[in-house]
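Residue numbers (this note's numbering), protein chains in the order written: chain A, 33 to 695; chain B, 33 to 695.
This report refers to the structure that appears directly beneath it.
2 protein chains.
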Amino acid sequence: MNRKGSVSQEAEFTFTPLVVLELAKDTHKDTKEWLIQRITDKKNVGGAQLYIKPLEMDDGLKTHNMYIIGASWRRLLLGAEAVCLVKEYQDGSMRAFTYLNKEQYKEFTDDNEDFLTMAECQYIIKRELENLRAIDETMIPGYAQAKLYPGKSIFRRLQTSGILIQYFPLHNRGELKKLTLNWYGRIKPAFLPIDSIQHYFGDSIGLYFAFLEYLTVALFPIALIGMPYYLFTWEDYDKYVLFASFNLIWSTIVLEFWKRGCAKLSYKWGTLVKKRKFEEPRPGFHGKLGINPATGRKEPTYPTYKRQLRIYFVSVPFVCLCLYFSLHVMMIYFRMENWALAFHQEEQTSISAFMLYGPSILYAVVIEIMNRIYRYVAEYLTSWENHRLESSHQNHLVLKVLVFNFTNCFSSLFYIAFVLQDMKLLRQSLATLLIASQILNQVVESFLPYCLQKRRNRKVKQKFQVSRVEKELPFVQQVKLEGEMDTYLGTFDDYLELFLQFGYVSLFSCVYPLAAILAILNNITEVYSDGLKMCRVFKRPFSEPASDIGVWQLAFETMGVIAVITNCGLIGISPQARSFFENSTELVLLVVAVEHILLVLKFIVAFSIPDIPTDIRNKLFRLEFESLEALKQQQMKQAEESLPEKKKGLEERKRKSSKDFVK
Amino acid sequence: MNRKGSVSQEAEFTFTPLVVLELAKDTHKDTKEWLIQRITDKKNVGGAQLYIKPLEMDDGLKTHNMYIIGASWRRLLLGAEAVCLVKEYQDGSMRAFTYLNKEQYKEFTDDNEDFLTMAECQYIIKRELENLRAIDETMIPGYAQAKLYPGKSIFRRLQTSGILIQYFPLHNRGELKKLTLNWYGRIKPAFLPIDSIQHYFGDSIGLYFAFLEYLTVALFPIALIGMPYYLFTWEDYDKYVLFASFNLIWSTIVLEFWKRGCAKLSYKWGTLVKKRKFEEPRPGFHGKLGINPATGRKEPTYPTYKRQLRIYFVSVPFVCLCLYFSLHVMMIYFRMENWALAFHQEEQTSISAFMLYGPSILYAVVIEIMNRIYRYVAEYLTSWENHRLESSHQNHLVLKVLVFNFTNCFSSLFYIAFVLQDMKLLRQSLATLLIASQILNQVVESFLPYCLQKRRNRKVKQKFQVSRVEKELPFVQQVKLEGEMDTYLGTFDDYLELFLQFGYVSLFSCVYPLAAILAILNNITEVYSDGLKMCRVFKRPFSEPASDIGVWQLAFETMGVIAVITNCGLIGISPQARSFFENSTELVLLVVAVEHILLVLKFIVAFSIPDIPTDIRNKLFRLEFESLEALKQQQMKQAEESLPEKKKGLEERKRKSSKDFVK
């Protein structure tokens, strides 16, 4: 086997560098040796069986705190089987890849390196590294304080001890250039190259962009219908009711059809077939080393009831407390606003006029601080809940952050709408918030980091006297440059942005029909800025398998339900509606009735649209049927092998009690 | 093979009679011969490969319009595999039975006839008979008007042509006696012998009784808490709110935990593991003979869009029309009631006093007639929709009937509660309806048929001079007697009864807390009367596999949601609540707020209780994991067999572009 044994020995062989590992500069020699040993060790002694090689710096410093990792083609294929990668079989169906019958898969030939995408290879390596677990080590060699116990993820401990700075997948310059050209490199309107994005960045990012595109297209009808309301300033009661009703039913249909589109995509990408249930535990998961009851494999176990206790008696009360605090802060803000207004009316000076802005600015700052602290605590709490699966961890984190962000973003709007009942102020605040948040987001999220990154690039290039912009950096510098790029923290913030936007569009749609148009405009620039961000600003993220948008589907649907309630409420308190009814009780009853009817309609629509298109469902059925048939056949084989030949005649024998019945 | 070739040849061999087939008395000889041929034909020529034998009448008449059907032990085991029966494997897990490795199942020994229960054997035979399909016949021999086409179920056509009167499974007297003793044969309170019921009557009936028992036990807390309200005639506003809130949250928890209990039962019975997806098409399903995309087997196909068209453009409008009509009839009833009241107040004679009852009686009769007509049409429509699976057919039928029955039963109560706002009348009507319907149901459903059946039994016994009650009838007479018993039409009406009862208990619980106690009393007697009905009154029904209570779960949950709305409404319009608030708008807003909070709470509770207990989920995961592993191994085997030996070294080869990257 062409395997590298130790660090000191100069690597003679070459391999495609896939992942970069960066250790702390002062890492103990023992630690390095031990880690490299574990990474290169064979699978059967608990290693990852990968290639690793120090990155040779041009500057002569042989500190070796950066390593490049690769793997043999065979190792990658075996890894693909281990992580349950799904590939297209020769009969056109999607099947879990197995090494031994690799030839049966459609695009597999022995020299087709594209059978596994680079993103998939990097994902495989990541999984292997993260699943390196301590066997009998009680500590990380050289660091007595970094305790280990059997089953503990080594990489997790290295990270928490500060020894491992980061590990990240490398970009592929050629592929990236092609992708950017198709993505945001042209001006003419076109659909996103979703498949290429998935190919390069993996499923979860592919799905995010598919969802972004889908939502943008789906907003067009709402924008078109909302346009005349803005142009002709229609203020008729019944027209608003009509618009709001259309909006609500439309958003339900859109979300339901997304599920179908999403199933189609994830079937094509092989993640729909992939069994989430056999996911390995996430790297951060810890507990006693036990045996997984489903797979029979050794892995850490943690009792569910303990997790439940932590969720219900710590996390839930904490979130509730935070929500209460957030509302309290909002009330203080409105009180300050009133006070500032009163002060200005009394004084009428330029200082008092300036002070009018005080509360808003203060509130914005406080909200931002609260958001950041909360996010940090939410992440800590979710880790502490110790979820076995990455997906379940993510879902709990998303739910926590979502509820808080929703409250922070919309509570002041709700207050204006339903307590102050000032429609003009609501429309104004809504427009301000929507436009400000969209511009701010794009600047903070993409353009600012892009400029910083560009400056950084220029510096590096100057340093190495690479004068021409077009010329490629040498490999080592390229790696160092990528290592210094910011880390993309997942699709979370992108979805959150879309979610809040969806809230602005749907929650108060009957007051501000223009929101849909603004959202479309934002999303179109978002495609460009997000593309820039993904390709130029951030380190390449590891591909993450995903078959749907997870808890976000639920979040968007919940927003739809809340939207029904708020829109009905808004229509109910509008002066036009009030002028129709002399008795306000009658009005309230009518509004409540309409709300209930809309909700029922929503549920019926959601219920009657199947989540998975028929052709994909048939394919899934087929796979499941075959897998059951295979199980039966295997059982048969086992039975035949384990049993001696039986007398066949015995089976034809009549049932015992026959004679007693039939005469 | 010990197989019977034709009718004329006297059967020499014996077999356990399992199923009885009754043809019309004047059935053509050709038809009989053809049918028997098809039933006894081997599987590979499209037959059912069963034993059949005419029932020999003692009265010498050899008309042979009744046949008894059985099967060889081997045939039954093969049939068990074909219908995907699930049995306990030697390692304690539940697995789909396969004939070839039958020895690996826990209770299987070659002479253990109890491995398959009698109910299972009968189910297997039923499925085989119903799946006898026309191959090249264009008509039923002897009946030119009874057209056949390839793929048409022969038994279905025989039934619709009136040639086949019925086919039913035989009782097992000994087993039945034991079952009745454990069930309703003793007075002392005990839990139902659910497993024995399932063993004898099959899954769907077993689940019904498990649900009945579960619901009864679950009603106890509500009954206990409701007791003091009745005893002390508490009329406090806040106490009612408390009771209603408890009731609503309790009913949510109860329904959620039922899912878990149900999963436990159906795992034990093997139906949870059983794949619903590979269900064969239901006998009534017709269409062009095509190929099932999942299994690759030949079966009738029918395009989904056609079914959708029929559902949405015929069935749905029809149901809506009927609902409108039902409401219209109710309005007429209330108008007549008013008119009768006015007439009585004017006249004050005994005739006018008697006429006061007129509208109620007329309304009850009209409702009964409407129910019957509607039920008939609903069954016709659902058949016409041509659902592929029996379960989907049942669900659509249940949904149709449910909506209509709900409207008929509760619309007058809703009218009294929310339009007339007469709480006293509501309580009175509720009590009358609840008690009357319960008594009526038990009489009509069980005692009346029981008396009729008893009389019929006595007649038969007299005819054959079986004087002593204890003495068993001869087999032939026993079969004839069972053939004359009424047919049990499935658990539909039993669930409907429970559903309406659940409605009476939960919809207006804050007005009438006593309802829960009445429901418990009814359910306790229901156990006895249903037991009597199942064991003594009806023909033994065929066992039906079921892993849950299907659409009824949804129906009960929907009732829970409606209950939240009505209870909040009732509390809102109560005079106590009104006296609290001077401004009625405020009251309505508060009520709506409480309603929304309760609904949100309901959904959170439903969401946070997992539907399947952890241990069962682990077992399911294990099965699925193994089945996937088996598929992989099978693919490997195929790959190994189909491919020549490959050079192993090739796999170790380095990736193409390595040298360009690493220097």
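Glycine is no exception: its CB is placed at the ideal position from the N, C-alpha and C atoms.
What you are looking at is a predicted structure, and each value in this text was computed from that prediction instead of being measured.
Here Q474 of chain A is buried, its C-beta having at least 16 other C-beta atoms within 10 Å. Against chain B, a Cβ distance below 7 Å from V624 of chain A picks out V624. Scanning its chain for C-beta atoms nearer than 7 Å, with the 5 sequence neighbours on each side dropped, one finds around K134 of chain B the residues L109, F140, in chain order.
Within the same chain, T284, E288 come within 7 Å of A638 of chain B by CB-CB distance, once the 5 residues on both sides are set aside. Annotated three-state conformation of G79 of chain B is coil, per DSSP. Identification of residues in the segment 354 to 372 of chain A having a C-beta nearer than 7 Å to some C-beta of chain B yields an empty set. In the three-state scheme derived from DSSP, where H, G and I count as helix and E and B as strand, R572 of chain A is classed as coil. Taking a 10 Å sphere around the C-beta of C352 of chain B, we find fewer than 16 other C-beta atoms and assign the residue as exposed. Cβ proximity to chain B below 9 Å picks out N324, P325, A326, T327, G328, T336 from the segment 311 to 336 of chain A. Among the CB atoms of chain B, none fall inside 8 Å of the CB of R610 of chain A. Closest option to I237 of chain A, judged by alpha-carbon separation, among A:M368, A:R205, A:R107, A:W301: A:W301. Neighbourhood of V451 of chain B in chain A, by CB distance below 7 Å: empty, with the nearest CB roughly 12 Å away. By the beta-carbon neighbour count (other beta carbons within 10 angstroms, threshold 16), L164 of chain A is buried. Against chain A, the CB of T646 of chain B has a partner CB under 8 Å away; the residue lies at that interface.
The residue among B:Y83, B:D58, B:L355 with its C-alpha nearest the C-alpha of Q69 of chain B is B:Y83.
Looking at the backbone, the Cα of V508 of chain A and that of A551 of chain A are separated by about 42 Å.
Counting along the chain, E422 of chain B sits inside the alpha helix (DSSP H) bounded by residues 422 to 446. The beta-bridge partner set that DSSP reports for L55 of chain A consists of A:L196. Judged by DSSP in its simplified three-state form, I644 of chain B adopts coil rather than helix or strand. Taking a C-beta cut-off of 9 Å against chain A, none of the residues of the segment 382 to 401 of chain B qualify. Listed along chain B, the residues sitting closer than 8 Å to V620 of chain A by beta-carbon distance are T617, V620, L621, V624.
At least one CB of chain B lies nearer than 8 Å to the CB of L660 of chain A. Taking 8 Å as the CB threshold, R654 of chain A lines the interface with chain B. In this structure the segment 338 to 353 of chain B touches the segment 415 to 428 of chain B; the number of beta carbon pairs closer than 8 Å is three or more.
The shortest C-alpha to C-alpha distance from E477 of chain A to any of A:I229, A:D526, A:L465 is the one to A:D526.
Taking C-alpha positions only, C483 of chain A is separated from I167 of chain A by approximately 46 Å. Chain B has no Cβ within less than 8 Å of the Cβ of A114 of chain A.
At a cut-off of 8 Å between C-beta atoms, A374 of chain B does not count as an interface residue with respect to chain A. Just measuring C-alpha positions, the residue of B:T519, B:Y536, B:L421 sitting nearest T336 of chain B is B:L421.
No Cβ-Cβ contact shorter than 8 Å links A103 of chain A with F233 of chain A. For G322 of chain A, DSSP records a beta bridge to A:E331.
Closest option to V361 of chain B, judged by alpha-carbon separation, among B:M402, B:P253, B:A410, B:L180: B:M402.
The beta-carbon of F243 of chain A is placed no less than 8 Å from the nearest beta-carbon of chain B. DSSP places K179 of chain B in the uninterrupted beta strand (DSSP E) bounded by 175 to 179. By the criterion of a C-beta distance shorter than 7 Å, V398 of chain B is surrounded in its chain by V361, once the five residues flanking it on both sides are discounted. In this structure, D643 of chain A lies away from K85 of chain A, with their beta-carbon atoms at least 8 Å apart.
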